[in-house]
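Residue numbering for the sequence shown follows UniProt numbering, beginning at 1 and increasing consecutively.
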Amino acid sequence: MPTVVPVKFEYAARDLWFDPKESGVLEGDHVICQTERGLEIGLAVADPREISQEEFEYKTNKAELKDVVRVATEEDLSRAEELAAKGEAALPVFRKFAVQEELEMKPIGVEYLFDGEKVVCYFSADDRVDFRQLVRELSHELHERIDMRQIGVREEAAVIGGYGHCGQELCCRRFGLSFEPVSIRMAKEQDLPLNSTKISGACGRLMCCLR
């Protein structure tokens, strides 16, 4: 049976499965993983476990698992901190140029990929945005290859974080975005008030915990 380890990445909508190989990874370890974007650092959110072939094929759509390359070293963690700091410093630059270009978008975050290949700028917007000039401006200012990614309101809440009406960390931040659809009928069945402000989360959508 396949062995998998779930890994959480800062800007990923949900935990992703990887092949732990001989890395010795355990829950709570930071790990360096091979992904479609290159090497990335993430957090193992559970110990490796065996799963059935049926579950594996259902969850991965029969795609081949990428590998955990290694448990992160002190050097890896230091590099991750440096890149996170660079991302925080670049966010005001992203915002400045978005305003300067009069674009209808909300800059959310800037991610410097671990292997140094490029910088990903995340934003939310109601419609499609022509950001070609913005990419040129950012590339010139940051001296990096720029990739733009538009995210939805739930992803935005997961990235920014915060606390819900219950006082707990937002579900989308705490558990990822692997929830089933939520409907107003679920609130009715629980005799909850149908006031939208009481049953909506930070993202403005129905609270995931209504399930």
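All residues carry an ideal CB built from backbone N, CA and C; glycine is no exception.
Here P92 carries a helix assignment [DSSP, helix/strand/coil]. In terms of Cβ geometry, L65 and D19 form a close pair [threshold 9 Å]. M148: member of the beta strand (DSSP E) spanning 146-150, first to last residue.
The shortest C-alpha to C-alpha distance from D76 to any of Q150, Q53, G116 is the one to G116.
About 5 Å separates the CB atoms of E27 and A46; that is less than 8 Å, so the two are in contact.
The alpha carbon of I32 has as its nearest neighbour, out of E57, V5, A13, the alpha carbon of V5. By DSSP's assignment, D67 forms a beta bridge with D19. K96 is positioned such that its CB atom lies no closer than 9 Å to that of Y112.
In the structure shown, the three-state DSSP call for G87 is helix. By the Cβ-count criterion, G162 is exposed, with fewer than 16 other Cβ atoms from all chains shown falling within 10 Å of its own Cβ.
For the pair G164 and A187, the Cα-to-Cα distance works out to about 16 Å. Straight-line measurement puts the Cα of E189 at about 47 Å from the Cα of I146.
Contact check for L91 against V119 fails: the beta carbons are separated by 9 Å or more. Taking all protein chains in view, the Cβ of E155 is crowded by 16 or more other Cβ atoms within 10 Å, so the residue is classified as buried. In summary, G42 is buried, with 16 or more beta-carbon neighbours lying within 10 Å of its beta-carbon over all protein chains present. Here the alpha carbon of E50 sits roughly 43 Å from the alpha carbon of F94. Per DSSP, S124 is one residue of the beta strand (DSSP E) stretching across 119-124. Proximity to Q34 across W17, P48, G24 peaks at W17, based on C-alpha coordinates.
Under the three-state reduction of DSSP, A12 is assigned to coil, being neither helix nor strand.
In the displayed model, C166 falls within coil according to three-state DSSP, outside both helix and strand. A residue is called buried once 16 or more other Cβ atoms fall within 10 Å of its Cβ, and C171 is buried on that count. Taking the Cα positions, M148 is about 17 Å away from I160.
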